[in-house]
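Heads up: the protein sequence lines correspond to chains A and B, in order.
Numbering-wise (this note's numbering), the first sequence opens with residue 1 and increments by one.
Numbering-wise (this note's numbering), the second sequence opens with residue 1 and increments by one.
Heads up, the beta-carbon is just placed ideally off N, CA and C, and yes, glycines get one too.
Here's the structure, in structure tokens; my notes come after.
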Amino acid sequence: MQQNIIVSGVGGQGILSIAAVIDLAALHCGLTIHQTEVHGMSQRGGAVQSHLRISDAEIHSGLITEGTADIILSVEPLEALRYLHFLSPGGRIVTATETVVNMAGYPPFELIEAELLRTGSPVLVDAAALAREAGSTKTSNMVMLGATAPFLAIDQEHLESGIMELFGPKGEKIVAMNIDAFRKGLAFSQQSIQQTVL
Amino acid sequence: MKKHLLLGAEAVAAGALDAGISGVYAYPGTPSTEITEYIQKSPEAAGRGMHTTWSANEKTAFEAALGMSYAGKRALAAMKHVGLNVAADAFINSAITGVNGGVVLAVADDPSMHSSQNEQDSRFYGRFAMVPVIEPASQQELYEATIRAFDLSESLQLPVLLRLTTRLAHSRAGVTRATTRSENPLHAEYAPERFVLMPQNARRQYEGLLGKQKTLERLSGGSSPLNRMIPGTGPLGVLACGIAFNYAMEAKKTFDLDISVLKIGQYPLPRHLVEDLFARCETVLVTEEGYPIHEELLRGWFDDKNIRGRLDGALPRTGELSTGLLAEALGAKLPAPAQGSGIVVNRPPELCRGCGHRDLFEALNRVMEGFDNHHVFSDIGCYTLGALPPYHAIHTCVDMGAAITMAKGAADAGLRPAVCVIGDSTFTHSGMTGLLDAVNDRSPLTVIIADNDTTAMTGGQDSAATGSRLYDICRGLGVEESRIRTILPLKQHLEENMAVLRQEIAYDGLSVVLAQRECIETAARKKRRAGSKSANQ
Ligand SMILES: Cc1ncc(C[n+]2csc(CCOP(=O)(O)OP(=O)(O)O)c2C)c(N)n1
């Protein structure tokens with residue numbers, strides 16, 4: 001088993017927390033992990049991404065080769081498209097639909113949506129709304145992790161214990177809110193998969 | 001064995017802790033910052049009472065590490081690649097004096113310039129200083145190699161340069177830790193014949209350093225776990241330096257290439273292993289994450305046609321390597337490149353909403369509009385983002401401290417007004433000496449210190465001096481009291497701030513304007529910490 005995942009978004013959206021939860025979960029499953037992060041300049045509202053590779057065998061390179069990503073998990077729709085050339089032919093995009101417009105020339109959402117739909121069956125999530133229901137828009141990242149969970153090679157239980165471990169130091173309330181956000185994302189995704197099957 | 005998920009930078013830190021260091025000396029800089037931060041947060045550091053606070057710059061950091069070594073203890077120095085330019089004088093000369101307690105200098109290079117002004121290759125400095133250079137390829141290797149580097153340093157009595165690059169420093173993988181060694185006892189000996197680098201001592205010490213070179217090469221050979229051959233039977237070979245080893249192995253596996261790979265993680269290059277690779281293979285691809293240092297060496301003047309690499313276009317001359325680039329250079333049939341999206345636009349970084357630098361630039365821009373010459377010299381930090389739209393407020397950013405000195409030189413040339421903007425941490429790093437030059441020459445200069453009470457760009461580390469201490473420093477350096485002004489960069493103070501800037505720019509002498517407002521990120525972090533503390537009580 002080997003899975004290549006690109007996690008993307010805008011600096012400040014909690015990309016590293018998503019990666020950290022998957023890392024912890026994979027570690028508990030006894031899998032090998034390699035994960036790159038972006039620090040520095042770009043974290044100031046720029047494009048940030050993380051390459052995540054999990055496998056039951058040795059992983060040599062931390063970087064994902066173009067055309068071989070199984071999943072692009074994005075917290076911002078244009079940022080999902082930024083890494084499109086990494087997506088494998090059968091790969092899937094799971095992205096939040098809320099845009100972050102902090103630069104000139106941001107394309108209209110309809111264009112972005114059309115590009116996303118060209119990739120087969122992307123899962124488009126109104127993460128902000130689900131996060132608000134969970135108690136804070138800050139949990140959008142965990143909504144998106146939940147929405148991606150059905151496609152990950154790690155089960156829900158391990159992902160949730162990853163969330164508990166990561167947010168544990170911040171107190172029970174924060175943990176509960178993030179678990180709730182995760183489950184809302186998961187339920188949405190499962191529902192939308194069923195709909196495409198029907 | 002418990003596996004810890006560590007960034008490469010953190011693996012170096014863990015290695016140094018377990019090697020029994022008594023202190024880390026560093027100045028922040030991407031991608032090296034997390035080395036020191038990991039140590040600062042570690043229970044070991046607190047328990048052992050180690051030195052972990054930030055130094056004013058890389059030179060003071062390395063010199064302090066050398067001093068700790070003089071006193072017999074082990075010290076880690078950490079910095080980014082351009083930081084070694086600042087520390088170079090101390091570093092090169094420490095190879096001449098040699099060390100007592102082990103000294104490892106961890107330098108993080110940034111090929112592709114993700115967060116830097118250039119992509120210089122620190123291995124050059126290692127060659128220049130003629131000390132061992134270690135360049136591991138994985139997190140586990142980084143951890144183990146750091147411990148070995150301290151052994152190497154103590155047995156050779158030389159500083160060891162440990163080089164890592166962005167992708168390794170900032171990627172996470174599982175690391176198992178060994179047991180911790182105890183620190184060295186305090187043990188300072190008089191050795192002026194080594195440490196007083198007057199010519200007669202320096203010449204003898206230099207001879208000694210030259211005499212060690214054969215040993216260094218021998219140590220890179222047989223006994224180093226960092227250098228080894230993964231033999232194949234085909235005519236193609238790869239000399240894989242540092243992290244390039246990962247890409248070579250990934251390409252070998254993915255594209256089923258029958259290649260011999262010589263993994264290199266310790267320099268000087270082990271000659272017999274390289275000869276073995278050339279004996280096995282008709283063509284050798286030299287892969288270096290950085291400058292083609294060894295490719296150039298191996299090609300020599302007469303350009304060995306069996307060598308491929310960055311210099312003949314087999315690999316790009318600049319930037320990071322990748323599995324795809326290596327595979328292509330090795331003749332693998334790559335699948336057609338996946339289609340990107342044509343509608344994607346760049347998303348450059350920006351100053352945070354609510355950042356005080358924004359209000360400073362707003363005021364400065366309005367004031368500068370009144371002059372034919374709008375030139376504003378500046379420097380490195382979050383405020384460098386003032387060069388981008390919508391502000392376009394600053395027009396230079398070269399190396400830390402250059403804001404003041406370049407503005408001074410331009411003023412000497414007759415440019416009026418001569419205005420510069422420098423951050424608090426950049427000022428204490430390298431701006432103070434330049435300000436002294438300006439004081440001594442009575443240069444007509446307006447120095448704006450954008451004091452946000454922190455080293456923001458690299459994640460909010462403590463600055464060496466902020467607030468009223470900056471006032472005291474400027475005063476102490478000789479800036480006239482009446483020409484040190486303080487403004488609060490807030491929207492509602494715009495008119496006032498513009499008036500102050502106008503007055504000081506109009507003044508035909510040296511002024512300092514301290515623009516002081518705390519970084520909003522740091523302020524928020526403090527608040528969160530205070531909140532979680534009271535929640536836990
Ligand atoms: C010689 C050198 N060391 C370190 C760095 C990394 N670096 C870039 S900006 C910066 C922080 C500057 O802090 P400050 O001047 O206070 O400005 P702020 O980011 O807070 O606005 C650092 C450490 C560098 N570019 N060059």
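Chain C contact for asparagine 4 (chain A) (CB, 8 Å cutoff): Any reference to chain C falls outside this structure, whose protein chains are A and B.
Residue range of the unbroken alpha helix (DSSP H) whose run includes proline 89 (chain A): No alpha helix (DSSP H) contains proline 89 (chain A), which is instead part of the beta strand (DSSP E) from 87-96.
Contact check, glutamate 183 (chain B) vs serine 22 (chain B), beta carbons under 8 Å: yes
Alpha-carbon spacing of alanine 456 (chain B) relative to serine 153 (chain B), whole angstroms: 34 Å
Members of the region 346-365 of chain B near chain A, C-beta cut-off 8 Å: Asn346, Arg347, Pro348, Pro349, Glu350, Leu351 and Cys352
DSSP beta-bridge partners of methionine 229 (chain B): B:Leu262
Any non-hydrogen atom of ligand 1 within 7 Å of valine 82 (chain B) CB: yes
Per DSSP, cross-strand counterpart(s) of tyrosine 25 (chain B): B:Ala77
Where the beta strand (DSSP E) through glutamine 156 (chain A) begins and ends: First-last for glutamine 156 (chain A): 156-167, but that is the alpha helix (DSSP H), not the beta strand (DSSP E).
Expected contact under 8 Å - CB spacing of serine 74 (chain A) and alanine 57 (chain A) to nearest Å: With 8 Å as the limit, serine 74 (chain A) and alanine 57 (chain A) do not qualify as a contact, their Cβ atoms being about 27 Å apart.
With 16 other Cβ atoms within 10 Å as the buried cut-off, status of alanine 169 (chain B): buried
Neighbour flag for glycine 174 (chain B) against chain A, beta carbons, 8 Å: yes
Where the region 124-147 of chain A meets chain B: residues whose CB sits under 7 Å from a CB there: none
Separation of glutamate 37 (chain A) from proline 159 (chain B), as counted between CA atoms: 30 Å
Meets three-Cβ-pair contact criterion under 8 Å: the region 467-481 of chain B and the region 494-503 of chain B: no
First through last residue of the beta strand (DSSP E) which encompasses aspartate 451 (chain B): 446-451
Secondary structure of valine 398 (chain B), DSSP reduced to three states: coil
DSSP state of asparagine 4 (chain A) mapped onto helix, strand, coil: strand
Closer than 8 Å to chain A by CB, methionine 68 (chain B): no
Extent of the continuous beta strand (DSSP E) to which arginine 539 (chain B) belongs: Since the first and last residues shown for chain B are 1 and 537, residue 539 (chain B) lies out of range.
Contacts around asparagine 93 (chain B), its chain only, beta-carbon distance under 7 Å, and the 5 residues preceding and following it disregarded: Leu197
For threonine 97 (chain B) and phenylalanine 195 (chain B), believed in contact at Cβ under 8 Å, the rounded distance: 5 Å
Near-chain A residues of the region 471-487 of chain B (beta-carbon distance less than 8 Å), N- to C-terminal order: none
Cβ-heavy atom distance, histidine 187 (chain B) to ligand 1, below 7 Å: no
Glycine 381 (chain B) Cβ short of 7 Å to ligand 1 heavy atom set: yes
Contacting residues, own chain, Cβ-Cβ under 6 Å from methionine 368 (chain B) (five flanking each side not counted): His374
Neighbour-count burial assignment, asparagine 536 (chain B), 16 or more Cβ in a 10 Å radius: The predicted position of asparagine 536 (chain B) is uncertain, since its pLDDT is 47 and thus under 50; no value can be drawn from it.
Near-chain A residues of the region 241-256 of chain B (beta-carbon distance less than 9 Å), N- to C-terminal order: Ile243, Phe245, Asn246, Tyr247, Ala248, Met249, Glu250, Ala251, Lys252, Lys253 and Thr254
Segment contact flag, the region 7-15 of chain B with the region 58-74 of chain B, C-beta cutoff 8 Å, min 3 pairs: no
Where valine 500 (chain B) sits in the DSSP three-state scheme: helix
4 or more residues per run - each alpha helix (DSSP H) lying fully within the region 89-141 of chain B: 123-129
Backbone secondary structure at lysine 526 (chain B) - three-state DSSP: helix
Collapsed DSSP secondary structure at histidine 392 (chain B) in the structure displayed: coil
Threonine 318 (chain B) versus B:Gly331, B:Glu289 and B:Ala106, residue with shortest Cα-Cα distance: B:Glu289
Beta-carbon spacing of serine 171 (chain B), glycine 62 (chain A) below 8 Å: yes
Proline 349 (chain B) and glycine 46 (chain A) closer than 8 Å at C-beta: yes
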